[in-house]
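Engineer: In our numbering, the protein residues as written are 224 to 861. Okay, handing you the structure first.
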């Protein structure tokens with residue numbers, strides 16, 4: 224395949240086999256997601272640019288222009304991806320006119336460097352292009368991450384082309400992609416999936432079907448012996464059996480999520496029924512037995528792996544922020560492929576919990592892993608003394624999560640709505656303007672803090688048209704009115720459908736009651752058996768030691784206490800004031816003999832539970848999502 228002239232497209236994702244299509248004409252205008260977007264622009268992006276310069280990511284490129292390049296800075300050969308992910312986020316801000324001049328200057332500098340340092344054959348990687356590098360290009364597909372690098376380059380390039388009308392980065396990406404298709408058309412696969420999604424997106428942007436074919440080949444080569452397994456066995460790479468034969472999501476959590484999302488992209492373009500069956504089976508198994516209540520994926524630190532079914536320890540949850548993004552990418556693609564509301568329900572849970580917790584309230588510090596519990600004597604691996612350094616860090620030696628947050632937050636408007644012929648589907652609730660080819664909507668809501676949603680129709684077709692509203696899986700007693708008249712709010716497969724000839728000014732009111740909920744866990748889930756977690760709407764709650772008058776490990780909360788919790792506002796967020804008990808002092812023995820009868824908590828206290836995504840902003844104290852319940856019926860409380 225040879226490099227070609229790139230013709231711009233309209234920008235909307237084109238799919239041939241999906242049940243619905245995403246709506247590109249969405250603008251978030253207010254609410255929590257708007258606050259996140261603004262914080263991303265004003266704090267996270269400038270901070271990330273500063274850290275990328277300080278860590279040497281930019282210098283790793285510019286040094287290749289020197290006759291005697293300085294040594295590569297950084298431990299890993301894939302640090303170019305942190306630039307690419309950041310550029311992808313910048314493309315959204317620059318395209319929307321939100322970015323400050325230093326941001327544009329950074330974008331121009333990096334794009335210019337990439338154009339200048341790309342090899343004549345299209346290859347691009349600042350680690351392997353160094354003449355003094357210990358390894359040469361393509362020598363280590365398992366750990367070199369060269370195709371992973373290409374994937375993030377493509378996604379940045381497509382974003383710049385669609386959002387800014389800038390084809391410079393796309394030309395760079397096309398040259399590299401053409402080299403890869405030529406070299407790997409018959410054999411080879413990357414140790415870290417990601418390029419599969421990107422190649423499908425490049426096919427959508429350019430119309431060159433060879434990219435889609437290559438993406439499908441990479442999916443099909445998993446489990447065929449195409450990859451050398453070192454350090455970890457084949458299941459770490461999802462490479463021990465062919466993808467369609469995987470019995471369960473397994474191995475490295477981010478790799479698994481990216482591979483599944485790439486396979487779902489191939490499904491969207493080909494309609495391959497064998498892929499559809501495998502993806503739905505793997506998804507259902509993950510949700511049933513391997514996903515944390517926060518939507519986090521990955522229970523093992525040692526190999527950043529998913530773990531066994533029901534292996535979900537709270538304090539050792541890895542739940543990497545990048546894995547949260549991977550799950551959302553997979554979820555959205557499955558929604559596009561099937562129209563299934565269950566995928567959007569998980570998307571929403573991940574977004575507001577496992578993803579949102581990865582960034583500090585000020586937007587300049589990050590979690591890499593996201594436990595559901597922090598014990599009082601826990602020390603950070605950096606060696607900081609308890610009570611000393613903040614929990615989140617400004618940057619990491621492997622900083623994959625921070626720029627991933629930059630790009631994902633920048634594009635949240637793309638995950639609000641979808642359409643099909645004769646219908647628009649509202650998947651996420653946030654203050655927004657939704658403009659489709661047929662129907663325009665203005666959405667106003669305080670979601671996720673309250674469940675009242677008002678949609679006002681602007682432009683509308685003359686004939687009958689469907690407005691389809693997601694009925695969240697957690698919601699009960701939902702009501703809908705149109706111009707004040709009650710409507711049938713019966714949900715079918717997670718959707719409420721309103722069909723009528725709409726007129727400008729029509730008002731739809733959706734009310735999603737948000738009582739406080741108590742959640743238990745499956746009896747096979749040993750880590751939280753008998754404990755209880757609090758949730759309201761899409762948000763999971765936790766208690767920090769700062770908000771408990773007794774050690775959080777001694778709090779005992781009953782289901783009735785949870786349901787009757789007082790809902791209060793604090794610093795713009797909804798917090799829950801819960802009547803609880805302080806459990807009796809435990810035995811000093813680690814494994815005491817159990818008495819015949821249990822006693823109930825002896826001291827009544829009140830504790831405040833905050834949204835999980837807000838924990839860790841007031842210093843490193845103890846935290847729990849899952850709390851003890853009072854002893855009942857002679858059974859031991861957990």
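The C-beta atom is built at its ideal place from N, Cα and C for all residues, glycine as well. Model, not experiment: these values are computed from the prediction.
What's the C-alpha gap between residue 849 and residue 622?
Structural biologist: In a straight line, the C-alpha of residue 849 is about 29 Å away from that of residue 622.
Engineer: Could you tell me which of 765, 724, 691 sits nearest to residue 714, measuring between CA atoms?
Structural biologist: Cα-wise, what sits closest to residue 714 is 691.
Engineer: Can you look up residue 348 in the DSSP assignment and give me helix, strand or coil?
Structural biologist: Residue state, collapsed to three classes: coil.
Engineer: Would you tell me roughly how many angstroms separate the C-alpha atoms of residue 294 and residue 799, rounded to the nearest one?
Structural biologist: So the alpha carbons of these two residues sit roughly 53 Å apart.
Engineer: Less than 8 Å between the CB atoms is what I'm expecting for residue 541 and residue 592, so what's the real figure, rounded?
Structural biologist: That pair is a contact at about 5 Å.
Engineer: If distances are taken between C-alpha atoms only, which option among 372, 676, 577 comes closest to residue 254?
Structural biologist: Ranking 372, 676, 577 by Cα distance to residue 254 puts 676 first.
Engineer: I'd like to check one pair, residue 442 with residue 483: are the Cβ atoms closer than 7 Å?
Structural biologist: No, they are not a contact pair.
Engineer: Give the straight-line distance between the Cα atoms of residue 539 and residue 350, rounded to the nearest whole angstrom.
Structural biologist: Going by the C-alpha atoms only, they are around 33 Å apart.
Engineer: Hey, residue 429 and residue 397 are a contact pair by Cβ (cut 8 Å); roughly how many whole angstroms apart?
Structural biologist: Indeed, because the Cβ distance is near 7 Å, the residues count as touching under 8 Å.
Engineer: Which value, in whole angstroms, describes the spacing of the CA atoms of residue 276 and residue 246?
Structural biologist: Approximately 35 Å between the Cα atoms of the pair.
Engineer: Assess, as a yes-or-no matter, whether the segment 832-848 is touched by the segment 744-762 under the definition of 3 or more beta carbon pairs within less than 8 Å.
Structural biologist: Verdict: yes, contact present.
Engineer: Could you tell me the boundaries of the beta strand (DSSP E) in which residue 832 lies?
Structural biologist: Taken as a continuous stretch (DSSP letters only), the beta strand (DSSP E) holding residue 832 covers 826-834.
Engineer: What three-state label does DSSP hand residue 702 in the structure shown?
Structural biologist: Here residue 702 sits in strand by DSSP.
Engineer: Does DSSP put residue 331 in a helix, in a strand, or in coil?
Structural biologist: The answer is helix: DSSP assigns residue 331 an H, G or I state.
Engineer: Could you check where the alpha helix (DSSP H) with residue 311 kicks off and where it finishes?
Structural biologist: Element bounds for residue 311: 303-318.
Engineer: In whole angstroms, what is the alpha-carbon distance linking residue 414 and residue 583?
Structural biologist: Approximately 31 Å between the Cα atoms of the pair.
Engineer: Taking the alpha-carbon of residue 450 as reference, which of 431, 438, 410, 480 has the nearest alpha-carbon?
Structural biologist: Out of 431, 438, 410, 480, 410 has the C-alpha closest to the C-alpha of residue 450.
Engineer: Within a Cβ cutoff of 8 Å, which residues of the same chain sit near residue 266, ignoring the five residues on either side of it in sequence?
Structural biologist: These residues qualify, in order along the chain: 585, 586, 587.
Engineer: Rounding to the nearest angstrom, what Cα-Cα distance links residue 290 and residue 339 in this structure?
Structural biologist: Going from the Cα of residue 290 to the Cα of residue 339 covers about 14 Å.
Engineer: Which same chain residues end up closer than 8 Å to residue 243 when comparing Cβ atoms and leaving out the 5 residues on each side of it in sequence?
Structural biologist: Counting only Cβ-Cβ distances below 8 Å, and skipping sequence neighbours, we find 558, 559, 562, 641, 642, 643, 648.
Engineer: For residue 667, which residues of its own chain have a beta-carbon under 6 Å away from its beta-carbon, when the five flanking residues on both sides are left out?
Structural biologist: Cβ within range, chain order: 654, 677.
Engineer: Report the residue from 459, 514, 465, 550 whose alpha carbon sits nearest the alpha carbon of residue 525.
Structural biologist: Answer by Cα proximity: 459.
Engineer: Where does residue 296 fall in DSSP's three states?
Structural biologist: In this structure, residue 296 counts as coil in the three-state DSSP scheme.
Engineer: With a threshold of 16 other CB atoms inside 10 Å of the CB of residue 543, please say whether the residue is buried or exposed.
Structural biologist: The residue is buried, with at least 16 neighbouring Cβ atoms inside 10 Å.
Engineer: Taking 8 Å as the threshold, find out whether the segment 469-478 comes into contact with the segment 503-516 through three or more Cβ pairs.
Structural biologist: Judged by Cβ distances under 8 Å, the segment 469-478 makes contact with the segment 503-516, as three or more pairs qualify.
Engineer: Should residue 377 go down as buried or exposed, given a rule of 16 or more other Cβ atoms within 10 Å for buried?
Structural biologist: Per the 10 Å Cβ criterion, buried.
Engineer: Go through its chain and collect everything with a Cβ distance to residue 684's Cβ below 6 Å, but skip five positions before and after it.
Structural biologist: Closer than 6 Å at Cβ, skipping near neighbours: 661.
Engineer: Classify residue 506 as helix, strand or coil using the three-state DSSP reduction.
Structural biologist: Reduced to three states, the DSSP call for residue 506 is helix.
Engineer: If I follow the unbroken alpha helix (DSSP H) through residue 433, where does it start and stop?
Structural biologist: Per DSSP, residue 433 belongs to the alpha helix (DSSP H) from 432-443.
Engineer: For residue 312, which residues of its own chain have a beta-carbon under 6 Å away from its beta-carbon, when the five flanking residues on both sides are left out?
Structural biologist: Here the set comprises 629, 630, 633.
Engineer: What does DSSP give as the partner residues of residue 720 in its beta bridges?
Structural biologist: Answer is 691, bridged to residue 720.
Engineer: Could you tell me which residues DSSP puts in a beta bridge with residue 499?
Structural biologist: Note: residue 499 sits in no beta bridge, so no partner.
Engineer: Enumerate in chain order the residues of its own chain whose CB-to-CB distance from residue 615 is below 7 Å, with the five nearest sequence positions on each side excluded.
Structural biologist: Around residue 615: 583, 588, 589, 590, 839.
Engineer: Across the segment 307-327 and the segment 375-390, are there enough close Cβ pairs to call them in contact, namely three or more that are closer than 8 Å?
Structural biologist: Enough Cβ pairs lie closer than 8 Å, so yes.
Engineer: State the start and end residues of the unbroken alpha helix (DSSP H) segment that holds residue 419.
Structural biologist: From DSSP, the alpha helix (DSSP H) with residue 419 extends over 418-429.
Engineer: Can you give me the C-alpha to C-alpha distance between residue 375 and residue 760, rounded to a whole angstrom?
Structural biologist: The alpha-carbon atoms of residue 375 and residue 760 are separated by roughly 34 Å.
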